[in-house]
Amino acid sequence: MTGHRKHLQKAFYILAVAVFLVWTLGPIAWSFSISITPQKDTMISPAPFLPENPTTGNYSQLIFGSSKEGGNVAEGRMFKIGLINSLKACLLVILVGIPVSVFAAYALARLRFRGKEVVRYLLLATMAFPLFSTIVPLYKIFSDFKLIDNYWSLILVYISSFLPLTVWLLSNHFESIPSELDEAAAIDSCNSLQTLIYIHLPISYPVIFAGALIMFISTWNQYLIPLIIAPSLSTKPIAVIISEFVTKTSINYGLMNAGGLLAIIPPVIIALVFRRFLIYGLTSGATKG
Amino acid sequence: MRRTHSAYLYVLPMALIMVLLVYLPIIITFGYSLMNINLLRPAPLTLVGLRNYATILKDPAFRTAALNSLGITGVVLLLTFALGLVFALLLNKDSPIKGILTGVAIIPWAMPGVVNGIIWRWIFHPNFGLLNSILLKSGGIEKPIQWFSDRTMVLIIVGITVAWSAIPLAAVTLLSGLQSIPGQLYEAAEIDGCGIMGRFTHITLPLLRPAFGIVLTTTTISAINVLDQIVSLVGMSSANSSLMTEIYLRTFKYMRFSEGSALTYLVMIVCGIISVFYIRRVYTKVRYI
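Residue numbers (this note's numbering), protein chains in the order written: chain A, 1 to 289; chain B, 290 to 578.
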């Protein structure tokens, strides 16, 4: 390859990386710029590319809920309650959802039982169901039985919407484990539960971890389910709180952006640090048969 | 493979959750769609057959929402395919910054959709938006453009926003497709005197077909089902309606549960047809040689 052509290729690559970064991070950077702009400066038009008097006021208001600013104390309080509610839901979803997924995936991949193919197809079919197809009757049933605003009903509905993906992901993985391992375990008179615990689990942590990360991020980002069945501050998650900031006319632009950006910190850190696990989880669920 | 009755025990927790919170509610929703449930006007429950479906199909609001959803989906597909492929090729190239680029690439996927909507709202905001600011300062326009005043423009903006969050999944799916193409094919083609473009059109694109199929179906389904991003971007109003906001308003604002259920079923039928293709793709394996 000639030197000239190599340079051209390199220039192309750099240009593509630049477009990629501007497209992906540009909108977030602009939102950050607004979040550090004092309220009075958000009336300037056209907006300056960088705030002239940057302030961390919006962040401290949300994090410390300082009463100095007067009117917006409520936002700081709601924000923190939302964060705690979301974290709680994430932990509970993982604690309950992962064991349920592991057991089901193990049976689907390694055990023979009648109706297995039906279960597989039914799981895959749920991908076509819009959330509304389940949430309308759930709302009515939950309100009849006073289960609205209840952590357990909320997280079980979350889990029901994640199970198809995590079970699919885990059972694809279990299928890839050589069956000689099971046979060896059977000779040592391990029953199926012991085989799962002593043989399969120790070599499955990466994929289980990937499943847990996907559950964390998906729970953190939930909007429609909690909008309908988690209406009060006792269960309402951060995403719904943030969406309420948008519709409130009294709130300033900077605070809205600061709240949104604080809410993306946990999933963004996970995406950057554990990208390998996430991408493995996302692609092996979709592309393997 | 073992045949054991304990297999049913392993599957039981998942089966209970899925039956009670997904499959049963879906059947109930169909029941609702055939009745006359309107929580604002309680009346004795009667079966009305397909009347709700007829009401919806004749309603101009439904036609607007369906056309809007179609337009949004079109924009999303166009952008997701183009940029998803470019980003996949970018991430497939060996480079010292490959790891961090991959992490950055999945950030938009990992964020709450609500925040995604907020971020793009401030790109297109008429007074304090980035785009108007750039255009005004560069002298491209004299007066700020009211981006959200034109229906077509709103659809494009919603499409861009949804695509922004859909591209990461498309890119990693296509990336894993790229990585599964054996390198020998490229070497052989090069020996046969095939240039870069030739290798791309004769090897890369045809062998990516299954991955394209997956991207097409998952992107279409998520573009039809998006709600959180639209709500925080343009609000929940009938002026900027999509199929999902239309279902939400009918069901939870006007409390016409039966009409909402019927509309949900109409959407579900469309998504069902699309996902039949998806399931076929997932079960298809590419033969390389």
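Idealized CB from N, CA, C, for every residue including glycine.
**Request:** Measuring only between beta-carbons, confirm whether B/Cys560 sits less than 8 Å from chain A.
**Result:** Working through the second sequence from its first residue, we reach residue 560 of chain B at position 271. By this cut-off, B/Cys560 is an interface position.
**Message:** At a CB distance below 9 Å, what residues from the segment 408–427 of chain B approach chain A? Give them in sequence order.
**Reply:** Per Cβ criterion, the list reads Ile408, Trp409, Arg410, Trp411, Ile412, His414, Pro415, Asn416, Phe417, Gly418, Leu419, Asn421, Ser422, Ile423, Leu424, Leu425 and Lys426.
**Message:** For A/Gln61, tell me which candidate among A/Met78, A/Asn53, A/Ala47 and A/Arg120 has the shortest Cα-Cα distance.
**Reply:** Within the first sequence, residue 61 of chain A is the residue found at index 61, counting from 1. Restricting attention to A/Met78, A/Asn53, A/Ala47 and A/Arg120, the CA atom closest to the CA of A/Gln61 is found in A/Met78.
**Prompt:** With DSSP run on the structure shown, which of helix, strand or coil describes B/Arg410?
**Reply:** Residue mapping note: residue 410 of chain B aligns to position 121 of the second sequence, counting from 1. Here B/Arg410 sits in helix by DSSP.
**Prompt:** Thinking C-alpha only, which one of A/Lys40, A/Ala107, A/Val119 and A/Pro54 is nearest B/Thr293?
**Reply:** Working through the second sequence from its first residue, we reach residue 293 of chain B at position 4. In this structure, A/Ala107 is the residue among A/Lys40, A/Ala107, A/Val119 and A/Pro54 with its C-alpha nearest to the C-alpha of B/Thr293.
**B/Trp409 beta carbon near the ligand SAH (any heavy atom closer than 7 Å)** = The model on display carries no ligand, and the ligand SAH is accordingly not part of it.
**Request:** Determine the chain B residues that contact A/Leu92 at a beta-carbon separation under 8 Å, and present them in chain order.
**Result:** Counting from 1 along the first sequence, the entry for residue 92 of chain A is found at position 92. In chain order: nothing, as chain B lies at least about 14 Å away.
**Prompt:** Among residues of its own chain, excluding the 5 on either side of A/Pro46, which ones have a beta-carbon nearer than 7 Å to its beta-carbon?
**Reply:** Position 46 of the first sequence holds residue 46 of chain A. Same-chain partners within the cutoff: there are none.
**Request:** Leaving aside the five residues before and after A/Leu196 along the sequence, list all residues of the same chain whose C-beta is less than 7 Å from its C-beta, in chain order.
**Result:** Start at 1 with the first residue of the first sequence, and residue 196 of chain A comes out as number 196. These residues qualify, in order along the chain: Tyr106.
**Request:** Could you check the C-alpha separation between A/Val119 and A/Phe113 for me, to the nearest Å?
**Result:** The residue labelled residue 119 of chain A in the question sits at position 119 within the first sequence. The residue labelled residue 113 of chain A in the question sits at position 113 within the first sequence. Each residue's alpha carbon lies about 11 Å from the other.
**Request:** List the residues of chain B that A/Asn58 touches, going by C-beta distances under 8 Å, in chain order.
**Result:** Indexing the first sequence from 1 puts residue 58 of chain A at position 58. Under the 8 Å cutoff, chain B gives no residues; its nearest Cβ is about 13 Å from A/Asn58.
**Asked** Between the C-alpha atoms of A/Met127 and B/Gly561, what's the straight-line distance to the nearest angstrom?
**Response** Working through the first sequence from its first residue, we reach residue 127 of chain A at position 127. Working through the second sequence from its first residue, we reach residue 561 of chain B at position 272. For A/Met127 and B/Gly561, the distance between alpha carbons rounds to 9 Å.
**Prompt:** Does the beta-carbon of A/Phe20 have 16 or more other beta-carbons within 10 angstroms, so that it is buried, or is it exposed?
**Reply:** Numbered from 1 along the first sequence, position 20 holds the residue referred to as residue 20 of chain A. It is buried - the Cβ of A/Phe20 has at least 16 other Cβ atoms within 10 Å.
**Message:** I want to see whether chain B comes within less than 8 Å of A/Tyr13, judged by CB atoms only; does it?
**Reply:** Looking up residue 13 of chain A in the first sequence gives position 13. At a cut-off of 8 Å between beta carbons, A/Tyr13 contacts chain B.
**Message:** Measuring straight from C-alpha to C-alpha, what distance separates B/Ala500 and B/Ser465?
**Reply:** If you number the second sequence from 1, residue 500 of chain B lands on position 211. If you number the second sequence from 1, residue 465 of chain B lands on position 176. Cα-Cα distance, rounded: 8 Å.
**Request:** Compare the C-beta of A/Ala185 against all C-beta atoms of chain B and say whether one is closer than 8 Å.
**Result:** Numbered from its first residue, the first sequence carries residue 185 of chain A at position 185. With 8 Å as the cut-off, A/Ala185 does not count as an interface residue toward chain B.
**Asked** When you compare only the Cα positions, how much space is there between A/Lys140 and A/Pro231?
**Response** Here residue 140 of chain A corresponds to residue number 140 of the first sequence, with the count starting at 1. Here residue 231 of chain A corresponds to residue number 231 of the first sequence, with the count starting at 1. Between A/Lys140 and A/Pro231, the C-alpha separation is close to 14 Å.
**Prompt:** Where B/Val267 and B/Gly402 are concerned, what is the direct C-alpha to C-alpha distance, given to the nearest angstrom?
**Reply:** The structure shown does not extend to residue 267 of chain B, since chain B spans only 290 to 578, so no value can be given for it.
**Message:** Which residue wins for smallest C-alpha separation from B/Thr353, given the options B/Thr450, B/Leu532 and B/Val393?
**Reply:** For the purposes of this step, residue 353 of chain B is taken as residue 64 along the second sequence, with counting starting at 1. For the residues B/Thr450, B/Leu532 and B/Val393, the minimum Cα distance to B/Thr353 belongs to B/Leu532.
**Request:** Establish whether the CB of B/Asp383 and some CB of chain A are separated by less than 8 Å.
**Result:** Indexing the second sequence from 1 puts residue 383 of chain B at position 94. Not an interface residue.
**Message:** Give me, in chain order, the residues of the same chain whose beta-carbon lies closer than 6 Å to that of B/Met525; leave out the 5 immediate sequence neighbours on both sides.
**Reply:** As a working note, residue 525 of chain B is residue 236 in the second sequence. Excluding positions up to five away in sequence, the list reads Thr534.
**Residues within the segment 385–403 of chain B neighbouring chain C, beta-carbon criterion of under 8 Å** = The chain inventory of the structure shown lacks chain C, comprising the protein chains A and B.
**Asked** Would you say A/Ile187 and A/Val96 are within 8 Å of each other, going by their C-beta atoms?
**Response** Locating residue 187 of chain A in the first sequence gives position 187, where the first residue counts as 1. Locating residue 96 of chain A in the first sequence gives position 96, where the first residue counts as 1. Contact: no.
**Segment contact flag, the segment 441–451 of chain B with the segment 477–491 of chain B, C-beta cutoff 8 Å, min 3 pairs** = A contact is defined here as three or more CB-CB pairs under 8 Å, and the segment 441–451 of chain B fails this definition with respect to the segment 477–491 of chain B.
**Prompt:** Hey, would you say B/Ala455 sits closer than 8 Å to B/Val365, going by beta carbons?
**Reply:** Within the second sequence, numbered from 1, the residue matching residue 455 of chain B stands at position 166. Within the second sequence, numbered from 1, the residue matching residue 365 of chain B stands at position 76. In this structure, B/Ala455 sits near B/Val365, with a CB-CB distance shorter than 8 Å.
**Message:** Using the Cβ count rule (16 or more neighbours within 10 Å means buried), how would you classify A/Ser67?
**Reply:** Position 67 of the first sequence holds residue 67 of chain A. Residue placement at A/Ser67 is poorly supported in this model, since its pLDDT is 48, which falls under 50; the coordinates still yield a value, given next. Counting Cβ neighbours within 10 Å, A/Ser67 comes out exposed, since fewer than 16 surround it.
**Prompt:** Which value, in whole angstroms, describes the spacing of the CA atoms of B/Met303 and B/Pro331?
**Reply:** Counting from one through the second sequence, the residue named residue 303 of chain B turns up at place 14. Counting from one through the second sequence, the residue named residue 331 of chain B turns up at place 42. Straight through space, the alpha carbons of B/Pro331 and B/Met303 are spaced by roughly 36 Å.
**Message:** Please report the distance separating the alpha-carbon of A/Ile203 from that of A/Pro178.
**Reply:** Residue 203 of chain A sits at position 203 when you count from the first residue of the first sequence. Residue 178 of chain A sits at position 178 when you count from the first residue of the first sequence. Taking the Cα positions, A/Ile203 is about 12 Å away from A/Pro178.
**Message:** Can you tell me which residues form a DSSP beta bridge with B/Leu496?
**Reply:** Taking the first residue of the second sequence as 1, we reach residue 496 of chain B at position 207. None, per the DSSP bridge assignment.
**Asked** Grouping DSSP H, G and I as helix and E and B as strand, with all else coil, what is B/Gly329?
**Response** Here residue 329 of chain B corresponds to residue number 40 of the second sequence, with the count starting at 1. Note that residue 329 of chain B corresponds to Leu in the displayed sequence, not to Gly. B/Leu329 sits in coil when the DSSP states are folded into three classes, being neither helix nor strand.
**Message:** Quick check: is the beta carbon of B/Asp481 nearer than 8 Å to any beta carbon in chain A?
**Reply:** The count along the second sequence starts at 1 and reaches residue 481 of chain B at position 192. No, B/Asp481 lies away from the interface with chain A (no Cβ there is under 8 Å from its Cβ).
**Item:** Environment of B/Met486 [buried if 16+ CB atoms lie within 10 Å]
**Value:** Position 197 of the second sequence, counting from 1, holds the residue named residue 486 of chain B. It is exposed - the Cβ of B/Met486 has fewer than 16 other Cβ atoms within 10 Å.
**Identified DSSP bridge partners for B/Leu336** = Walking along the second sequence from the start, residue 336 of chain B turns up at place 47. DSSP output for B/Leu336 lists B/Met324 as bridge partner(s).
**Request:** Measure from the C-beta of A/Thr235 to each C-beta in chain B and report whether the shortest distance is under 8 Å.
**Result:** Translated into positions along the first sequence, residue 235 of chain A becomes position 235. It does not; no Cβ of chain B falls within 8 Å.
**Asked** Residues of chain B with CB under 7 Å from A/Ile159, in chain order?
**Response** As a first step, residue 159 of chain A is located in the first sequence; it is residue number 159 there, counting from the start. Result: Ile306.
**Request:** Could you work out which residues of chain A lie near B/Tyr342, taking near to mean beta carbons separated by less than 9 Å?
**Result:** Here residue 342 of chain B refers to the residue found at position 53 when the second sequence is read from its first residue. Simply none; closest approach about 15 Å.
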